[in-house]
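Structure representation (structure tokens):
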């Protein structure tokens, strides 16, 4: 085999990894640490809800309904973040809500990333009529406010965690398709792809071994941004009464119920919102940091 | 473009259930009545015939009649458009009027306390969802102290809270964008030239620096129109603002297909037109674009 071809192939192997490792080393910022801590708290709350929550999320204590928050961890006497109209502990419901929020947003992001990446890669790599059609579809869907699309879909399907995740994935895959397609177009012209062709690699091998691995960093950044978006979108659907059934302690449902007691029990509205802000801010800080490392000029 | 948008709207809404079941309570109606209403609404025809009818009507600007109100859709939707445009315009105005100065100030005083403050605020502004900000603003400004009304439309006081809720997200984005843009531009040669010929700092900023970043500001505002329209759906619901977003939510929950389709077509139309205006304004702002 021609030695210069081998040299180019070697370069391809370390192209992305070296760039990322180099930047990880020197760019651990305060914001990144803060983001990591917030995300860790969010994930920990979701994973260990049964141990962390002071009460069961649906345990009612009707004699002490709408108790205002009292400080100190909820002991026998108080509710750390107040109680709702049925005397349920708001803190416990928020902690359980983290489970719903995390599972919906993670599932939806995986779905959107996989679908968008497959379609975007194939479209960018092969081009042709399918590419034209796909890009038209992407353009049309970009013209729709994606919340509107999700609202319309939610009226068809029964509300459940997998269904909401699917609806959000359908509303969100275009972002990947568009950016992955552009990146694939650029990668296809790189010398390591030409080198792979030169040694007789087939399309499939080039896609799996050369194109897709180089898309991973960009996709990770996109996925982080999108998780934050989906946390908000899931809550927005519940807030409009289109998400999980009422009574399920998702953050949006908590806020939707709390809105009716806005003038008498502010804690029902304010604290679940704070949970959403903490989760999205944490994910957002991590995402910004990843973007600075991977590709500072990426526009989403 | 609009054709595809309206076709998607048609397809999605067809899947969302049977309007006849919503309109007639099943316990009190006979199958004959159901069949007659279906025929009256044209729902007994095959779907592709319905679609052809829809397209033929669309081409002549006729969006059909609302099932719920029994009147043509276009005037119903058009009656709501000004309210939404007013809300979106006010939100953009808030974002531009506050976001740009904040961004400039924090770039000029980089790393000062003010910069850290603005950066944190703009970061929070992006993380805060509109359906939290809206109720909290109501709580603070309307329930606790009676400065502003909680909902409704008509007076400028009623516009303040919805516009601030909806405008906060683009405001925060603008502040971030302007900050990083101005920082980039401040180190360019033409800025040094402008300073060295004795222009005062204010003139340098407004005439040279901001002029350069006007393009990205306009692009961001254009990109945000879609987001604003989505946010308007929630904001209008919270503040009982009689705009097109609230109309869509109501129409969908009543399975009022023609009305929902019409409203969706108009929302898409607004989004497409806003992006068209953005493209046009490039030519006005940047002479280099004009020739191409």
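Residue numbers (this note's numbering), protein chains in the order written: chain D, 9 to 308; chain U, 19 to 310. Glycine included, each C-beta is placed from N, C-alpha and C at the ideal position.
Three-way DSSP call (helix, strand, coil) for residue i in this model
i, result
"residue 83 of chain U", "strand"
"residue 234 of chain U", "helix"
"residue 170 of chain D", "helix"
"residue 205 of chain U", "coil"
"residue 221 of chain D", "helix"
"residue 139 of chain D", "helix"
"residue 199 of chain U", "helix"
"residue 91 of chain D", "strand"
"residue 97 of chain D", "strand"
"residue 90 of chain U", "strand"
"residue 207 of chain D", "coil"
"residue 77 of chain D", "coil"
"residue 158 of chain D", "helix"
"residue 354 of chain U", "A query on residue 354 of chain U cannot be resolved here, the shown segment of chain U reaching from 19 to 310 and no further."
"residue 96 of chain U", "helix"
"residue 152 of chain D", "coil"
"residue 258 of chain U", "coil"
"residue 147 of chain D", "helix"
"residue 192 of chain U", "helix"
"residue 171 of chain U", "coil"
"residue 123 of chain U", "helix"
"residue 71 of chain U", "helix"
"residue 244 of chain U", "helix"
"residue 180 of chain D", "helix"
"residue 265 of chain D", "helix"
"residue 216 of chain U", "coil"
"residue 84 of chain D", "The pLDDT assigned to residue 84 of chain D is 49, lower than 50, so where the model puts this residue is not dependable; a value taken from the coordinates is nonetheless given after this. It is coil, neither helix nor strand."
Same chain, Cβ closer than 6 angstroms to residue i, five either side skipped, listed in chain order
i, result
"residue 244 of chain U", "289"
"residue 114 of chain D", "none"
"residue 295 of chain D", "232, 233"
"residue 285 of chain D", "none"
"residue 131 of chain D", "139, 142, 189"
Chain A contact residues for residue i, given Cβ-Cβ distances below 7 angstroms
i, result
"residue 248 of chain U", "Among the protein chains of the structure shown, namely D and U, there is no chain A."
Delimiting residues of the alpha helix (DSSP H) encompassing residue i
i, result
"residue 70 of chain D", "Run containing residue 70 of chain D: none; DSSP gives neither H nor E here."
"residue 264 of chain U", "262-271"
"residue 302 of chain U", "275-303"
"residue 57 of chain D", "57-60"
"residue 288 of chain D", "275-302"
"residue 253 of chain D", "Taken as a continuous stretch (DSSP letters only), residue 253 of chain D belongs to no alpha helix (DSSP H), as it is neither H nor E."
"residue 155 of chain U", "148-156"
"residue 311 of chain U", "With chain U running from 19 to 310 in the structure shown, residue 311 of chain U is simply not present."
Same chain only: Cβ atoms within 7 angstroms of residue i, ignoring 5 sequence neighbours per side
i, result
"residue 288 of chain D", "236, 239, 240"
"residue 180 of chain U", "105, 253, 257, 259"
Minimum Cβ-Cβ distance from residue i to chain U less than 8 angstroms
i, result
"residue 242 of chain D", "no"
"residue 160 of chain D", "yes"
"residue 274 of chain D", "yes"
"residue 284 of chain D", "yes"
"residue 143 of chain D", "no"
"residue 277 of chain D", "yes"
"residue 44 of chain D", "no"
"residue 248 of chain D", "yes"
"residue 37 of chain D", "no"
"residue 289 of chain D", "yes"
Cβ of residue i within 8 angstroms of any chain D Cβ
i, result
"residue 244 of chain U", "yes"
"residue 89 of chain U", "no"
"residue 178 of chain U", "no"
"residue 155 of chain U", "no"
"residue 150 of chain U", "yes"
"residue 139 of chain U", "no"
"residue 142 of chain U", "yes"
"residue 298 of chain U", "no"
"residue 188 of chain U", "no"
"residue 260 of chain U", "no"
"residue 102 of chain U", "no"
Sequence-distant residues of its chain with Cβ nearer than 8 angstroms to residue i (five each side left out)
i, result
"residue 161 of chain U", "168"
Practice task
Check whether the segment 248-259 of chain D touches the segment 108-120 of chain U, taking contact to mean three or more Cβ pairs, one atom from each stretch, closer than 8 angstroms.
Solution key: no
Exercise for the section: Mind the definition here: the segment 92-107 of chain D touches the segment 190-200 of chain D only if three or more C-beta pairs lie below 8 angstroms; say whether that holds. Expected result: no
Handout entry: the segment 220-238 of chain U in contact with the segment 275-293 of chain U per 3-pair CB rule at 8 angstroms
Key = no
Handout entry: Contact between the segment 250-268 of chain D and the segment 157-168 of chain D (3+ Cβ pairs under 8 angstroms)
Key = yes
Exercise for the section: Would you check if the segment 119-129 of chain D and the segment 170-185 of chain D touch, i.e. whether three or more CB-CB distances between them fall below 8 angstroms? Expected result: yes
Practice task
State whether the segment 261-278 of chain D contacts the segment 262-276 of chain U, with contact taken as three or more CB pairs (one from each stretch) at a distance under 8 angstroms.
Solution key: no
Problem - the segment 145-164 of chain U touching the segment 209-225 of chain U, judged by at least three CB pairs closer than 8 angstroms - result: No: the two stretches stay apart, fewer than three of their Cβ pairs being nearer than 8 angstroms.
Handout entry: Validate contact between the segment 254-270 of chain D and the segment 150-161 of chain U using beta carbons, cut 8 angstroms, 3 pairs
Key = Yes, the segment 254-270 of chain D touches the segment 150-161 of chain U.
Handout entry: Three CB pairs or more closer than 8 angstroms across the segment 49-64 of chain D and the segment 99-110 of chain D
Key = Counting Cβ pairs under 8 angstroms, three or more are found: they touch.
Problem - Validate contact between the segment 197-212 of chain U and the segment 222-231 of chain U using beta carbons, cut 8 angstroms, 3 pairs - result: Touching, yes.
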